[in-house]
Amino acid sequence: GQQLNQSPQSMFIQEGEDVSMNCTSSSIFNTWLWYKQDPGEGPVLLIALYKAGELTSNGRLTAQFGITRKDSFLNISASIPSDVGIYFCAGQPISGGSNYKLTFGKGTLLTVNP
Amino acid sequence: DAMVIQNPRYQVTQFGKPVTLSCSQTLNHNVMYWYQQKSSQAPKLLFHYYDKDFNNEADTPDNFQSRRPNTSFCFLDIRSPGLGDAAMYLCATSRGGQGRNEQFFGPGTRLTVL
Numbered sequence: 091g092q093q094l095n096q097s098p099q100s101m102f103i104q105e106g107e108d109v110s111m112n113c114t115s116s117s118i119f120n121t122w123l124w125y126k127q128d129p130g131e132g133p134v135l136l137i138a139l140y141k142a143g144e145l146t147s148n149g150r151l152t153a154q155f156g157i158t159r160k161d162s163f164l165n166i167s168a169s170i171p172s173d174v175g176i177y178f179c180a181g182q183p184i185s186g187g188s189n190y191k192l193t194f195g196k197g198t199l200l201t202v203n204p
Numbered sequence: 046d047a048m049v050i051q052n053p054r055y056q057v058t059q060f061g062k063p064v065t066l067s068c069s070q071t072l073n074h075n076v077m078y079w080y081q082q083k084s085s086q087a088p089k090l091l092f093h094y095y096d097k098d099f100n101n102e103a104d105t106p107d108n109f110q111s112r113r114p115n116t117s118f119c120f121l122d123i124r125s126p127g128l129g130d131a132a133m134y135l136c137a138t139s140r141g142g143q144g145r146n147e148q149f150f151g152p153g154t155r156l157t158v159l
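These protein sequence lines are chains A and B, in that order.
Start counting at 1 in the first sequence, then tack on 90, and there's your number in my numbering.
Start counting at 1 in the second sequence, then tack on 45, and there's your number in my numbering.
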């Protein structure tokens, strides 16, 4: 099945720094979603992207749907301690089955040092 | 607020003793999903319902069953839990149909098997 390569696996940054993470796929996706998961909680949807080239912001977060439809990135500006958590990308492929199933990346663990 | 609710948040069971996890939603979404998530891994889809139509993933063990008695509720039954079934279980919902189909997750149930 489709696989998403998410990088980096983990990041250690200082408070105030900007962060960038990305996901790539060998297949074309028609939807990209970015989630944040805090320890012991379920993933929370941050940003949803539906069109190639789409750039969307949610507060300090910005995400883009790559022009090739095979990648997406998430940027966090001016990080704060509560940004700590695991960030997952997820996508719905154009081909290969149900419109309703997501393929997940393996996650990026973000640590912010105050 | 519209939401996805999971009960209980923490469940302890004994090896081989059946357990049921519950999920309810106030979003009136057509699709409900059950995921298993182990430590430091992405969520793994077990099965999903589109309305009453049940869709099992090929690699979901027979030990896992699900019921959806109505639009709002969905249950995960583990018939004979093994030590390897200890995990976070996540319920999610999505609208279904064509177009935008973000999945919204509940807070999860942490299952411990003794």
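Glycine included, C-beta positions come from ideal geometry on N, C-alpha and C.
Contact list for residue i against chain B, beta-carbon separation under 9 Å
{"i": "Pro-183 of chain A", "result": "Residues of chain B passing the Cβ test: none, with the nearest at roughly 13 Å."}
{"i": "Gly-195 of chain A", "result": "Ala-87"}
For residue i, the three-state DSSP class (helix, strand or coil)
{"i": "Asp-108 of chain A", "result": "coil"}
{"i": "Leu-135 of chain B", "result": "strand"}
{"i": "Leu-135 of chain A", "result": "strand"}
{"i": "Gly-129 of chain B", "result": "helix"}
{"i": "Pro-183 of chain A", "result": "strand"}
{"i": "Asp-173 of chain A", "result": "helix"}
{"i": "Lys-89 of chain B", "result": "strand"}
{"i": "Lys-141 of chain A", "result": "coil"}
{"i": "Asp-107 of chain B", "result": "coil"}
{"i": "Tyr-190 of chain A", "result": "coil"}
{"i": "Arg-140 of chain B", "result": "coil"}
{"i": "Asn-101 of chain B", "result": "strand"}
{"i": "Asn-52 of chain B", "result": "strand"}
Contacts of residue i in chain B (Cβ-Cβ under 7 Å)
{"i": "Glu-131 of chain A", "result": "Pro-152 and Gly-153"}
{"i": "Ala-153 of chain A", "result": "Going along chain B, no residue has its Cβ under 7 Å from Ala-153 of chain A, so there is no contact; the nearest lies around 13 Å."}
8 Å Cβ cut-off: residues of chain A touching residue i
{"i": "Phe-149 of chain B", "result": "Leu-135"}
{"i": "Leu-90 of chain B", "result": "Lys-191 and Leu-192"}
Within 8 Å, strictly: CB atoms of residue i and residue j
{"i": "Leu-156 of chain B", "j": "Thr-58 of chain B", "result": "yes"}
{"i": "Gln-70 of chain B", "j": "Thr-154 of chain B", "result": "no"}
{"i": "Phe-119 of chain A", "j": "Pro-183 of chain A", "result": "yes"}
{"i": "Ser-115 of chain A", "j": "Leu-94 of chain A", "result": "yes"}
{"i": "Ser-162 of chain A", "j": "Cys-113 of chain A", "result": "yes"}
{"i": "Gly-141 of chain B", "j": "Asn-73 of chain B", "result": "no"}
{"i": "Val-134 of chain A", "j": "Lys-126 of chain A", "result": "yes"}
Own chain residues within Cβ distance below 7 Å of residue i, not counting five before or after
{"i": "Phe-92 of chain B", "result": "Trp-79, Phe-99, Asn-100, Asn-101, Glu-102, Thr-105 and Ser-111"}
{"i": "Leu-200 of chain A", "result": "Met-101, Val-109, Asp-173, Val-174, Gly-175 and Tyr-177"}
Chain-ordered chain A contacts of residue i [CB-CB under 9 Å]
{"i": "Pro-53 of chain B", "result": "Those within 9 Å of Pro-53 of chain B in chain A number zero; the least Cβ separation is about 13 Å."}
Cβ shell of residue i (< 6 Å), same chain only, five flanking positions each side left out
{"i": "Gly-143 of chain A", "result": "Ile-157"}
{"i": "Leu-145 of chain A", "result": "Gln-154"}
Contacts of residue i in chain A (Cβ-Cβ under 7 Å)
{"i": "Ala-131 of chain B", "result": "None at all; the shortest Cβ gap to chain A is about 14 Å."}
{"i": "Ala-103 of chain B", "result": "In chain order: nothing, as chain A lies at least about 10 Å away."}
{"i": "Ser-139 of chain B", "result": "Tyr-190"}
{"i": "Pro-126 of chain B", "result": "In chain order: nothing, as chain A lies at least about 20 Å away."}
Proximal residues of chain B, C-beta to C-beta of residue i below 8 Å
{"i": "Ala-138 of chain A", "result": "Arg-145 and Glu-147"}
{"i": "Leu-123 of chain A", "result": "Glu-147 and Gln-148"}
Under 8 Å (Cβ pairs) to chain A, residues found in the segment 105 to 120 of chain B: none
Cβ-based contacts, 7 Å cut-off: residues of the segment 68 to 85 of chain B near chain A: Val-76
Interfacial residues, the segment 146 to 177 of chain A to chain B, with Cβ spacing under 7 Å: none
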